[in-house]
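In terms of the numbering used here, the sequence shown opens at residue -2 and continues consecutively. Ideal placement from N, C-alpha and C gives every residue a C-beta, glycine not left out. Notes for the one structure printed next.
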Amino acid sequence: MLWPVLTLLALAALPVVHLRWRARFLDAKDAADARMDALREAQRRDSVQLQAQQRALLDSMVEGLLVLDERGRITLANRAFTSFFGVAADIRGRTILEAVRLHELDESIEPLRTQAESLGTELQLSRPVDRWLQINGAVVRDGAGRRQGLILVFHDLTRVKELENQRKDFVANVSHELRTPLSLIQGYVETLLDGAKDDPAVAARFLGTIERNTARLRRLIEDLLIVSELESGCVKLNVQPVALSAVVAKVFEDFRPAAAAAGVELRAAVPEVALKADAGRLEQVLTNLVDNAIKYGREGGLVIVEARPAPDGFLEICVRDRGPGIAAADLPRLFERFYRVDRARSRDQGGTGLGLSIVKHIVQCHGGRVRAESRLGEGSAFYFTLPVEAGHPEQAEASGQPAVAGSAPLP
-2 MLWPVLTLLA
8 LAALPVVHLR
18 WRARFLDAKD
28 AADARMDALR
38 EAQRRDSVQL
48 QAQQRALLDS
58 MVEGLLVLDE
68 RGRITLANRA
78 FTSFFGVAAD
88 IRGRTILEAV
98 RLHELDESIE
108 PLRTQAESLG
118 TELQLSRPVD
128 RWLQINGAVV
138 RDGAGRRQGL
148 ILVFHDLTRV
158 KELENQRKDF
168 VANVSHELRT
178 PLSLIQGYVE
188 TLLDGAKDDP
198 AVAARFLGTI
208 ERNTARLRRL
218 IEDLLIVSEL
228 ESGCVKLNVQ
238 PVALSAVVAK
248 VFEDFRPAAA
258 AAGVELRAAV
268 PEVALKADAG
278 RLEQVLTNLV
288 DNAIKYGREG
298 GLVIVEARPA
308 PDGFLEICVR
318 DRGPGIAAAD
328 LPRLFERFYR
338 VDRARSRDQG
348 GTGLGLSIVK
358 HIVQCHGGRV
368 RAESRLGEGS
378 AFYFTLPVEA
388 GHPEQAEASG
398 QPAVAGSAPL
408 P
């Protein structure tokens, strides 16, 4: 009787056991699904994060990057590329012509579409701004060697081209400036050797011309050396508290004979303030500016040196004349090496064309800035800023009151 009873009990318990097993199975399945969903979400987040990191990396590149698929449509363009060509941020799915509308760019990569596996070329753009780009490209293939698209890298050569043009201009200008006095010296020496030396009056006149041109060569070489030192950043400034009024007085004293000969009056209106500067270099700046104001101003004119407070603890110093003035088109280039408004007159005056370039570099070495203002017929004004010595009692009260012996108030 026992076995039938046990069988009936087992049969009766079987559904309960099945239900419990099913419940546990479903719980395990739900847990597994939950873990799988969590894993997929983690993978999705990791993928999004990786894509964001890759995008940030590509957008941080200085070089422009462009990737095209096998149909020639853009699949990736970084920030530098869109900046170079002035296009919208998202140009995916478009062809190069549709995206940038530059036939020159499309034609420059044509070899990659046909037979070439790699490319290296240069492209000059006129819009959105003038720019030179170096383009390096390559064909992208899969493991089986099938063509998958193109990858192009754009490197900005604009600054390199500008420096190359400046170098060419510099060499041409130096050659010209050296050739002119050397030709004169050679011509007069040959004339003297041919017999002119036997005439004392002619010989004296020719030797005077040779001496002037020799001095001009010396000044040119000295100025070239100064510009080279300043541009290389190798100049060490002897920065100390410098009384501006004392430097102005010294420069004026040096130029009084030249000013008197030209009938030019020198005036100063500068505050009793100490500048944080190299005294020798400051004197060089004022010497160049005052010299130009006397040489290129009107006979019987006026040269004024004045100053006023500028932001961030600087003082703005101005050398002003009442000469014929400078055309607006010439103002942006005044501080370039060898740039002259009137080349013939500058050479007659013995200028090297480097004075204002030296002024600019000296001021910039002190952390200051230079600029020029002028109108034709109304004279010119050259401004530069230098730092005021910290804690100087008059630093906050620099008012431009006359402080140079013998100076007169501004008209």
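- Its Cα nearest to that of histidine 100, the residue Gln121 stands out among Gln121, Glu114, Ser80, Thr111.
- In this model, alanine 307 and glutamate 313 are separated by some 6 Å (Cα to Cα).
- A straight-line Cα-Cα distance of about 16 Å links alanine 31 and arginine 42.
- When rounded, the separation of the alpha-carbon atoms in valine 367 and tyrosine 380 is 6 Å.
- With a beta-carbon spacing of about 7 Å, histidine 363 and proline 384 fall inside the 8 Å limit used to define contacts.
- Close CB contacts of methionine 58 within its chain, under the 7 Å cut and outside five residues either way in sequence, are with Asn75, Ala77 (chain order).
- Counting only unbroken stretches of 4 or more residues, the alpha helix (DSSP H) elements lying wholly within the stretch 262 to 324 are 276 to 293, in sequence order.
- Around the C-beta of leucine 222, fewer than 16 other C-beta atoms lie within 10 Å, and the residue is accordingly described as exposed.
- Counting only the Cα atoms, alanine 257 lies some 47 Å from valine 157.
- With a minimum length of 4 residues, the unbroken runs of alpha helix (DSSP H) contained wholly in the stretch 168 to 234 fall at 197 to 229.
- According to the DSSP assignment, serine 242 belongs to no beta strand (DSSP E) but to the alpha helix (DSSP H) extending over 241 to 259.
- Secondary-structure assignment with DSSP links isoleucine 71 through a beta bridge to Leu65.
- By DSSP's assignment, leucine 147 forms a beta bridge with Leu65, Val136.
- When DSSP states are grouped into helix, strand and coil, arginine 128 belongs to the strand group.
- Per DSSP, threonine 92 lies in no beta strand (DSSP E) segment and is marked neither H nor E.
- Rounded to the nearest angstrom, the gap between the Cα atoms of valine 300 and leucine 62 is 56 Å.
- Here tyrosine 380 is bridged, per DSSP, to Cys315, Arg368.
- The C-beta of lysine 165 has fewer than 16 other C-beta atoms within 10 Å across all chains shown, which makes the residue exposed.
- The three-state reading of DSSP puts histidine 152 in strand, counting E and B together.
- Counting other Cβ atoms within 10 Å of its Cβ, valine 168 stays below 16 and is therefore classed as exposed.
- By the neighbour-count definition (other C-beta atoms within 10 Å, threshold 16), glycine 90 is an exposed residue.
- For glutamate 119, the enclosing beta strand (DSSP E) stretches over residues 115 to 122.
- Pairing glutamine 163 with arginine 264, the inter-Cα distance amounts to about 38 Å.
- Contact check between the stretch 201 to 217 and the stretch 176 to 184: three or more CB pairs, one atom from each, fall below 8 Å, which counts as touching.
- By the 16-neighbour rule on beta-carbons within 10 angstroms, glycine 374 is exposed.
- In this structure, DSSP gives glutamine 163 a helical state, which the three-state scheme calls helix.
- When C-beta atoms of the stretch 315 to 333 are compared with those of the stretch 229 to 244, fewer than three pairs fall below 8 Å, so the two segments do not count as touching.
- Restricting attention to Gly294, Thr118, Leu102, Glu269, the CA atom closest to the CA of glutamate 262 is found in Gly294.
- Its Cα nearest to that of alanine 255, the residue Ile291 stands out among Ile291, Ser225, Val270.
- Contact check for glycine 350 and tyrosine 336: beta-carbon distance about 7 Å, within the 8 Å limit, so the pair qualifies.
- Annotation for valine 224: Arg334, Leu351, Ser354, Ile355, His358 place their beta carbon closer than 8 Å to its own, counting only its chain and skipping 5 residues before and after.
- Taking glutamine 183 as reference, the option from Glu208, Asn170, Ala25, Glu159 with the minimal CA-CA separation is Glu208.
- Across the structure, arginine 143 and glutamate 228 are spaced so that their CA atoms are roughly 53 Å apart.
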